[in-house]
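Chains as they are written, first to last, in the working numbering: chain A, 50 to 202; chain B, 50 to 202.
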């Protein structure tokens, strides 16, 4: 096994032994160096966003002091869920290497597929989304775009 | 304007005045009480995941010491991106009220639509996803499911 994937598995194992969350670990590598490693901590922190991928993206961007992780590869023990996939895109990571598929993840009780199906409008959305159009948003956006000193990201 | 939405707009304004990130604010309410409020901090923390919604979900779950936010409503100044939408589902939030649409957000330069299109396979994915099947994932998942004391979430 690739040494970086092996590290991701060791992280996952550490996570379940500590009861931190699901059996998922991840590592971010840049230029052959590990710059972040972590595991799922949903239970440890009572944080539904604390997936392994989110944790290592935050760690890596903090370490590099960059909100774009160009040139980075993410090794993760399982296929990223829709939240983590979107975060990977926002982070501009180059490449993701994963082991278990989302079908295998579903078999052990994690409902990533439901969230994908909601996004694809294949199933009813249990969350009620209400659009409330407001003039205030035009004013706010204008204030933002009028500021020519703003950092565009 | 609804007082909670007004608070979300005040947060967004605070965020852009501080140069913390994009013009987005959010508030989480439970039983008529605000339990979390925040704004985009992508630039402040160099963190591509620091969208207003993610920040308030993490704050609220920490405050309530629960990884599920049942009974909560999220007020947010703009339609959540795919990362935040998935996080909202993982968090089991009941209801989301938003003002600006994703089309309006696109007009001021945020490419949520690109990420949605990638998820919907409407456009090429700039990130290379590589599946590397490994027996190790079966062993890890078995170790996880064999632990009958584990908390299922």
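Beta carbons: idealized from backbone N, C-alpha and C, even for Gly.
Taking C-alpha atoms, which residue in B/95, B/103, B/122 and B/69 lies nearest to residue 54 of chain B? Numbered from its first residue, the second chain carries residue 54 of chain B at position 5. For the residues B/95, B/103, B/122 and B/69, the minimum Cα distance to residue 54 of chain B belongs to B/122.
Classify residue 122 of chain B as helix, strand or coil using the three-state DSSP reduction. By one-based count along the second chain, residue 122 of chain B stands at place 73. Residue 122 of chain B: strand per DSSP, three-state reduction.
Excluding the five sequence neighbours on either side, which residues of its own chain have a C-beta within less than 6 Å of the C-beta of residue 65 of chain A, listed in chain order? Locating residue 65 of chain A in the first chain gives position 16, where the first residue counts as 1. Closer than 6 Å at Cβ, skipping near neighbours: 72.
Do residue 98 of chain B and residue 107 of chain A have their CB atoms nearer than 8 Å? In the second chain, residue 98 of chain B corresponds to position 49, counting from 1. In the first chain, residue 107 of chain A corresponds to position 58, counting from 1. Going by C-beta atoms, residue 98 of chain B is nearer than 8 Å to residue 107 of chain A.
Would you report the Cα separation of residue 81 of chain B and residue 70 of chain B, rounded to the nearest angstrom? Counted from its first residue, the second chain places residue 81 of chain B at position 32. Counted from its first residue, the second chain places residue 70 of chain B at position 21. Their backbone Cα atoms lie some 28 Å apart in a straight line.
For residue 197 of chain A, is the classification buried or exposed, using 16 other Cβ atoms within 10 angstroms of its Cβ as the cut-off for buried? Residue mapping note: residue 197 of chain A aligns to position 148 of the first chain, counting from 1. Answer is exposed; the Cβ neighbour count stays below 16.
Does any residue of chain A have a CB that is nearer than 8 Å to the CB of residue 62 of chain B? Residue numbering aside, residue 62 of chain B sits at position 13 when the second chain is read from its first letter. Taking Cβ atoms only, chain A reaches closer than 8 Å to residue 62 of chain B, which makes this a yes.
Among B/158, B/104, B/174 and B/127, which residue has its Cα nearest to the Cα of residue 86 of chain B? The sequence position of residue 86 of chain B within the second chain is 37, counting from 1. It is B/104.
Among B/62, B/194 and B/109, which one has its Cα closest to the Cα of residue 127 of chain B? What you label residue 127 of chain B is simply residue 78 of the second chain in a count that begins at 1. For residue 127 of chain B, the nearest C-alpha among the options comes from B/62.
Against chain B, with Cβ distances strictly below 8 Å, would residue 95 of chain A count as a contact? The count along the first chain starts at 1 and reaches residue 95 of chain A at position 46. It does: the Cβ of residue 95 of chain A has a partner Cβ on chain B nearer than 8 Å.
Under a CB-based cut-off of 8 Å, is residue 135 of chain A close to chain B? For the purposes of this step, residue 135 of chain A is identified with residue 86 of the first chain, where counting begins at 1. Residue 135 of chain A counts as touching chain B.
Okay, do the stretch 127–143 of chain A and the stretch 129–136 of chain B touch, 3+ Cβ pairs below 8 Å being the bar? yes
Local conformation of residue 193 of chain A per DSSP, three classes: Against the first chain, residue 193 of chain A aligns to sequence position 144. In this structure, residue 193 of chain A counts as helix in the three-state DSSP scheme.
I want to know whether the stretch 171–185 of chain A touches the stretch 141–154 of chain B - three or more CB-CB distances under 8 Å. yes
In or out: residue 77 of chain A buried (at least 16 other Cβ within 10 Å) or exposed? Along the first chain, one-based indexing puts residue 77 of chain A at 28. It is buried - the Cβ of residue 77 of chain A has at least 16 other Cβ atoms within 10 Å.
Suppose you measure from the CA of residue 154 of chain B to the CA of residue 118 of chain B; what does that come to, to the nearest Å? Your numbering for residue 154 of chain B matches position 105 in the second chain. Your numbering for residue 118 of chain B matches position 69 in the second chain. Using only the alpha carbons, I get a separation of about 26 Å.
Just verifying my parser: in three-state terms, what is the DSSP assignment at residue 176 of chain B? The sequence position of residue 176 of chain B within the second chain is 127, counting from 1. Of the three classes helix, strand and coil, the one that applies to residue 176 of chain B here is coil, per DSSP.
Name the two residues that bound the continuous beta strand (DSSP E) containing residue 88 of chain B. Position 39 of the second chain, counted from the start, is the residue given in the question as residue 88 of chain B. Per DSSP, residue 88 of chain B belongs to the beta strand (DSSP E) from 82–88.
Please state whether DSSP places residue 77 of chain B in a helix, a strand or coil. Within the second chain, the letter at position 28 stands for residue 77 of chain B. If DSSP states are grouped into helix, strand and coil, residue 77 of chain B belongs with the strands.
Chain B contact for residue 192 of chain A (CB, 8 Å cutoff): Taking the first chain and counting its residues from 1, the one referred to as residue 192 of chain A is at position 143. Closer than 8 Å: yes.
Please tell me whether residue 120 of chain B has its Cβ less than 8 Å away from any Cβ of chain A. Working through the second chain from its first residue, we reach residue 120 of chain B at position 71. For residue 120 of chain B, the answer is no, since every Cβ of chain A falls outside 8 Å of its Cβ.
Look at residue 110 of chain B and residue 161 of chain A and say whether their C-beta atoms are less than 8 Å apart. One-based indexing of the second chain puts residue 110 of chain B at position 61. One-based indexing of the first chain puts residue 161 of chain A at position 112. In this structure, residue 161 of chain A does not lie closer than 8 Å to residue 110 of chain B by Cβ.
Endpoints, alpha helix (DSSP H) assigned at residue 69 of chain B: Stepping through the second chain from its first residue, residue 69 of chain B is reached at position 20. Counting along the chain, residue 69 of chain B falls outside any alpha helix (DSSP H), and DSSP gives it neither H nor E.
At what residues does the alpha helix (DSSP H) containing residue 168 of chain A begin and finish? If you number the first chain from 1, residue 168 of chain A lands on position 119. Residues 161–168.
For residue 90 of chain B, return the contacting residues in chain A, with the cut-off set at a CB-CB distance below 7 Å. Here the question's residue 90 of chain B lines up with position 41 in the second chain. Going along chain A, no residue has its Cβ under 7 Å from residue 90 of chain B, so there is no contact; the nearest lies around 10 Å.
What do you reckon, are the CB atoms on residue 163 of chain B and residue 150 of chain B nearer than 8 Å? Position 114 of the second chain, counted from the first residue, corresponds to residue 163 of chain B. Position 101 of the second chain, counted from the first residue, corresponds to residue 150 of chain B. For residue 163 of chain B and residue 150 of chain B, no; Cβs fall outside 8 Å.
Taking C-beta to C-beta, are residue 92 of chain A and residue 142 of chain B nearer than 8 Å? Walking along the first chain from the start, residue 92 of chain A turns up at place 43. Walking along the second chain from the start, residue 142 of chain B turns up at place 93. Against a cut-off of 8 Å, the Cβ pair of residue 142 of chain B and residue 92 of chain A comes out as no contact.
Give a yes or no on whether the minimum CB-CB distance between residue 67 of chain B and chain A is below 8 Å. Numbered from 1 along the second chain, position 18 holds the residue referred to as residue 67 of chain B. No, because no Cβ of chain A sits closer than 8 Å to the Cβ of residue 67 of chain B.
Excluding five sequence neighbours on each side, which residues of the same chain lie with their C-beta closer than 7 Å to the C-beta of residue 58 of chain B? For the purposes of this step, residue 58 of chain B is identified with residue 9 of the second chain, where counting begins at 1. Within the same chain, residue 58 of chain B has close Cβ partners 74 and 126.
Measuring CB to CB, does residue 152 of chain A end up less than 8 Å from residue 101 of chain A? Counted from its first residue, the first chain places residue 152 of chain A at position 103. Counted from its first residue, the first chain places residue 101 of chain A at position 52. No, the pair does not count as a contact, with Cβ atoms beyond the cut-off.
Would you mind giving the Cβ-Cβ distance between residue 168 of chain B and residue 168 of chain A, rounded to the nearest angstrom? I have them listed as a contact below 8 Å. What you label residue 168 of chain B is simply residue 119 of the second chain in a count that begins at 1. What you label residue 168 of chain A is simply residue 119 of the first chain in a count that begins at 1. That belief holds up - the Cβ atoms of residue 168 of chain B and residue 168 of chain A are roughly 6 Å apart, short of 8 Å.
Among B/84, B/176 and B/177, which residue has its Cα nearest to the Cα of residue 114 of chain B? Taking the first residue of the second chain as 1, we reach residue 114 of chain B at position 65. Nearest C-alpha to residue 114 of chain B: B/84.
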